[in-house]
Amino acid sequence: MTQRIIEITSPTFLPEQQLEPPVDFAAIFGNDNPLALEIGCGIGDFIVQLAAQQPQRNFLAIDIYNKGCYKTCRRIDKTSLTNVRVMRIEARFLLDRYLTMDSLDAVYINCPDPWPKKRHRQRRLLNQEFLKTLLYYLRPGGELFFSTDFADYAEQVAPQLLSLPDYQSKLEQLPGQLPADYPRSKYMRRFLDRGQPIYFLHCNKKESCDSGPHLLAPVSPGFRTPWSTIPHG
Ligand SMILES: C[S@@+](CC[C@H](N)C(=O)[O-])C[C@H]1O[C@@H](n2cnc3c(N)ncnc32)[C@H](O)[C@@H]1O
């Protein structure tokens, strides 16, 4: 069954076909405030809270889910926030095609699809390769936030992060506790309301990290990267 695509006409929405790489976010936001990215924004409840907490940062919230992007835009449009834009796009494709080295002040990933079955684990978004790739796009000192309701996902990512010398943990222990002022997303709330824990990782790219193409893993169409026509390299 094919799902009906909801047209998104919100001024907050950036249709991919209107963008030329590399995207000039200063022109889009009308200022050169630092840019943070939320990957997998779902229905947008997290980004709305975060963008209100941090008016000095610009935020790009992305999801591959059309209805999620629609709901995120509606939620933003009900506020007076001017520092958020939404794109319907796959994370690795966005990075590869539209963003440049050291361009992100922070990356937020909350409750990504856990792919609990062992044979599906290779579909998880976060892995050693992706963590390395994020180093390329984060500015020196830039932050990575990751929360998950899946102990197994957190336990997979924590040692991968610690084994990459260009990341530095901001927590004494990885995974750690969700800070009180970290906004709660829909999925986080769902698990917290049931009394289940959320595992939290927070680190930054070391100031001394030597950014460069050596950090980039090749991006190829595949699971959840179904583009076909756009050249990239
Ligand atoms: C389990 S939901 C969590 C949503 C939200 N972050 C929350 O915590 O409530 C995961 C979201 O990530 C999106 N997603 C999964 N893989 C993605 C990818 N590679 N690029 C962009 N979005 C992705 C899904 O469409 C889904 O909306």
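Just so you know, the sequence shown maps onto residues 1 to 233 in UniProt numbering. Glycine is no exception: its CB is placed at the ideal position from the N, C-alpha and C atoms. Bear in mind that the values here come from a model prediction, so they are computed numbers and not experimental data.
Check for me: the alpha helix (DSSP H) holding P159 runs from which residue to which? DSSP places P159 in the uninterrupted alpha helix (DSSP H) bounded by 151 to 162.
Residue environment, I89, which counts as buried when at least 16 other CB atoms sit within 10 Å: I89 counts as buried, since at least 16 other C-beta atoms from the protein chains shown sit within 10 angstroms of its C-beta.
Go ahead and label K78 buried or exposed: buried means 16 or more other beta carbons lie within 10 angstroms of its beta carbon, across all protein chains shown. Under this definition K78 is an exposed residue.
Inter-residue CB distance, A106 and V84 (contact presumed, cutoff 8 Å): Contact flag wrong, Cβ pair sits at about 14 Å.
For L37 and L60, believed in contact at Cβ under 8 Å, the rounded distance: Their Cβ separation, rounded to whole angstroms, is 5 Å, which keeps L60 and L37 in contact under 8 Å.
Own chain residues within Cβ distance below 6 Å of Y108, not counting five before or after: Hits under 6 Å: E38, F145.
Under 8 Å from any heavy atom of ligand 1, does the C-beta of P179 make it? In this structure, P179 has its beta carbon at no less than 8 Å from each heavy atom of ligand 1.
Using the beta-carbon count (16 or more within 10 Å), is I5 buried or exposed? It counts as exposed.
Between P34, L19, G212, which has its C-alpha nearest L135's C-alpha? Taking only the C-alpha atoms, the option nearest L135 is G212.
Go through the segment 34 to 118 residue by residue and report every complete run of the alpha helix (DSSP H) that reaches 4 residues or more, in order. Note on the segment 34 to 118: whole alpha helix (DSSP H) runs with a minimum of 4 residues are 45 to 53, 66 to 77, 91 to 98, in chain order.
Helix, strand or coil: which one does DSSP assign to Q17? If DSSP states are grouped into helix, strand and coil, Q17 belongs with the helices.
If you drop the 5 nearest sequence neighbours on each side, which residues of the same chain put their C-beta closer than 6 Å to that of P34? Same-chain partners within the cutoff: R57, D105.
Work out the CA separation of Q128 and L19 for me, nearest whole Å. The alpha-carbon separation between L19 and Q128 amounts to approximately 29 Å.
Beta-ladder partner(s) of K205, from DSSP: DSSP, once it has assigned bridges, lists Y167 as partnering K205.
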